[in-house]
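Everything below concerns the one structure shown next.
In the working numbering, the protein residues as written are 1 to 529.
Encoded structure:
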């Protein structure tokens, strides 16, 4: 037999079916993620549109309220003429009316009405105006009202008019101002025609454009800030489907997610091929093919880790950039807010760089420079390096028995790095304990053909979920951890021919052990080869 593995037709069909199921699963995952992202994008887009119409409506509300206040000033001027002693000076009223209607064309009619026992019109700039209120209606509206108080009287239905009525003084004389509501709100840039409506205080419509609503719409409603004319202003903007749904953004998100799904599928496919290659390598003792499969597997893990770890800072940079762009376009320019957005981007970029540095350390290739090393000297060096940091955190490092005769064939720096990682993890585990219980224990023993370094703590120990996936990269229980510490330590130890294990201690806490071959065992193996 030459070690070749033959694939039967049944095996090939099963492999093809597995690939199809995997492809469908990835497609379903991509579709669900794309739908979720589309929902978020639509919600954010609609929120931005709502904020836009709210700002536009607030501006329109302020301008129309100011215009409405001008009507009070006009009635005050007209009242001064009417209250003058003697007969009504119609010439002065005409002069004032001409001036008012020239500067304020929305004022359609100015009238003076006797609201006594037999209500009748004393003066009108447009006596033939069919929309003018009947004197009796004016008298009824002002009945019981004190002099000087202005009230709103709706005009005829669908006329787009309303009347301001006000008693001129103690005499039974009223002032009437007929206002064209359409002209009151017209000529506002950026507001589409037919989207503005006004309603009287009692809810009756004054200005009601035809209902052209189609699908989704945005609304703004607020009562005018005029005490005499508390009209309800409504602004509506209908949205077409293309306006309500940001298809471009959703398409971009779907494309990115599709690319990530494709990359993930490819990574998993490569991982499966690598696992098959490792199986063939074990059967044929082909160490080169085994190493290549391991590298491909590491590439898959690295690609998944990069996508996971960089997603948060990249999303935050995008959000800060969009906020900075909006601030830069705003008037007046808020320089401090823009600077804060840029500073936040700089911090996030530095975090992304730090993540890449850790990833580079994890995948850096190299052949260990192994040499005979005293186990006691190796442990003593790591203890000296760790002592200051642990003392500053209130953690006591207890060094147990170390066999002075034990010598291992390792690259000292690599094993020291792995041991340092284990000590720091143990210190993190006891940080929450009372000061007298913050202890990390380390020992070194010789057992037959191997030497063992043990690091223990009395912290919370390992949960079943964590223990099952202890050495998988990019898995961490620390808020700011990347999950590479134990994975890197395992890689360093295995590169030196050793093993790394971890489990819970019987009395509580966790215990990690590095097992290394001794020099004599390694020399005997070389002699046998």
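From the three backbone atoms N, C-alpha and C, an ideal C-beta is built for every residue, glycine too.
(request) Return yes when the Cβ of residue 345 is within less than 8 Å of the Cβ of residue 321, no when it is not. (result) A contact, by the Cβ cut-off of 8 Å.
(request) Over the uninterrupted alpha helix (DSSP H) stretch that includes residue 204, give me the two end residues. (result) Counting along the chain, residue 204 falls outside any alpha helix (DSSP H), and DSSP gives it neither H nor E.
(request) Quick one: grab the DSSP three-state call for residue 430. (result) Here residue 430 sits in coil by DSSP.
(request) Please confirm whether residue 489 and residue 426 have their CB atoms less than 8 Å apart. (result) Cβ distance not < 8 Å, so residue 489 and residue 426 don't count as in contact.
(message) My parser needs the beta strand (DSSP E) runs of 3 or more residues fully inside the stretch 340-428; what are they?
(response) Annotation note: the stretch 340-428 contains the following uninterrupted beta strand (DSSP E) runs of length 3 or greater, listed N- to C-terminal: 371-374, 396-402 and 407-410.
(message) Just to confirm my understanding: we take residue 129, look at its own chain, exclude 5 residues before and 5 after, and list those with CB closer than 6 Å. What are they?
(response) The beta carbon of residue 129 is closer than 6 Å to those of 109 in its chain, skipping five residues each way along the sequence.
(request) Grab me the residues of residue 217's own chain with a C-beta within less than 7 Å of its C-beta, minus the 5 sequence neighbours each way, in chain order. (result) Cβ within range, chain order: 236, 237, 238 and 239.
(request) Grab the span of the beta strand (DSSP E) containing residue 91 for me, first residue to last. (result) Residue 91: not part of any beta strand (DSSP E); member of the alpha helix (DSSP H) spanning 90-103, first to last residue.
(message) Give me the DSSP bridge partner(s) of residue 166.
(response) In DSSP, residue 166 forms a bridge with 150 and 175.
(message) Quick check: what's the CA-CA separation for residue 193 versus residue 348?
(response) In this prediction, residue 193 scores a pLDDT of 45, lower than 50, which makes its location untrustworthy; the coordinate-derived value is nonetheless stated afterwards. Looking at the two C-alpha atoms, the distance is approximately 45 Å.
(message) Taking DSSP's pairing of strands, which residues face residue 458 in a bridge?
(response) Residue 458 is not bridged by DSSP to any residue.
(message) Please report the distance separating the alpha-carbon of residue 353 from that of residue 317.
(response) Going by the C-alpha atoms only, they are around 13 Å apart.
(request) For residue 7, count neighbouring C-beta atoms within 10 Å of its own C-beta (all shown protein chains included) and say buried if the count is 16 or more, exposed if not. (result) Unreliable positioning characterises residue 7 in this predicted model, as indicated by a pLDDT of 46, which lies under 50. A coordinate reading is not provided.
(message) Please report the straight-line C-alpha distance between residue 396 and residue 390, rounded to a whole angstrom.
(response) Rounded to whole angstroms, the gap between the alpha carbons of residue 396 and residue 390 is 7 Å.
(message) Checking the sheet assignment: what are the DSSP bridge partners for residue 439?
(response) In DSSP, residue 439 forms a bridge with 396.
(request) Mark residue 447 as exposed unless 16 or more other C-beta atoms lie within 10 angstroms of its C-beta, in which case mark it buried. (result) With fewer than 16 other Cβ atoms within 10 Å, it is exposed.
(message) Here's the rule: buried if 16 or more other CB atoms are within 10 angstroms of the residue's CB, otherwise exposed. What is residue 163?
(response) By the 16-neighbour rule on beta-carbons within 10 angstroms, residue 163 is buried.
(request) Measure the beta-carbon distance from residue 533 to residue 445 and round it to whole angstroms, keeping in mind my assumption that it falls under 8 Å. (result) Because the chain in this structure spans residues 1 to 529, residue 533 falls outside the shown range and cannot be described.
(message) Measuring straight from C-alpha to C-alpha, what distance separates residue 370 and residue 401?
(response) Approximately 25 Å between the Cα atoms of the pair.
(message) Please state whether the Cβ-Cβ distance between residue 161 and residue 155 is less than 8 Å.
(response) Yes, the Cβ-Cβ distance between residue 161 and residue 155 is below 8 Å.
(request) Helix, strand or coil for residue 494, going by three-state DSSP, please let me know. (result) Residue state, collapsed to three classes: helix.
(request) Indicate the three-state DSSP secondary structure (helix, strand or coil) for residue 123 in the structure shown. (result) Three-state result, residue 123: strand.
(request) Assign residue 266 to one of two classes, buried (16 or more other C-beta atoms within 10 Å of its C-beta) or exposed (fewer than that). (result) Its Cβ having fewer than 16 others within 10 Å, residue 266 is exposed.
(request) Would you tell me roughly how many angstroms separate the C-alpha atoms of residue 432 and residue 52, rounded to the nearest one? (result) Residue 432 and residue 52 have their C-alpha atoms roughly 49 Å apart.
(request) Say whether the stretch 66-84 touches the stretch 95-114, bearing in mind that this needs 3 or more beta-carbon pairs closer than 8 Å, one atom from each stretch. (result) Taking 8 Å as the limit for Cβ pairs, the verdict is that the stretch 95-114 does touch the stretch 66-84.
(message) What does the alpha-carbon distance come out to for the pair residue 336 and residue 323?
(response) In a straight line, the C-alpha of residue 336 is about 13 Å away from that of residue 323.
(request) Determine the contact status of residue 133 and residue 179, defining contact as a CB-CB distance below 8 Å. (result) Taking 8 Å as the cut-off, the beta carbon of residue 133 is found no closer than this to the beta carbon of residue 179.
(request) Identify which residue in 29, 100 and 139 has its Cα closest to the Cα of residue 119. (result) Closest in alpha carbon position to residue 119, among 29, 100 and 139, is 139.
(request) Give the DSSP bridge partners of residue 452, in chain order. (result) 445 and 515.
(message) With a threshold of 6 Å on Cβ separation, who are the neighbours of residue 231 within its own chain once the five nearest residues in sequence on each side are excluded?
(response) These residues qualify, in order along the chain: 198 and 224.
(request) Please determine if the stretch 436-445 and the stretch 453-472 are in contact, where contact requires at least 3 C-beta pairs separated by less than 8 Å. (result) Contact between the stretch 436-445 and the stretch 453-472 is present, because at least three Cβ pairs lie under 8 Å.
(message) Can you tell me whether residue 114 is helix, strand or coil according to DSSP?
(response) Secondary structure of residue 114 (DSSP, three-state): strand.
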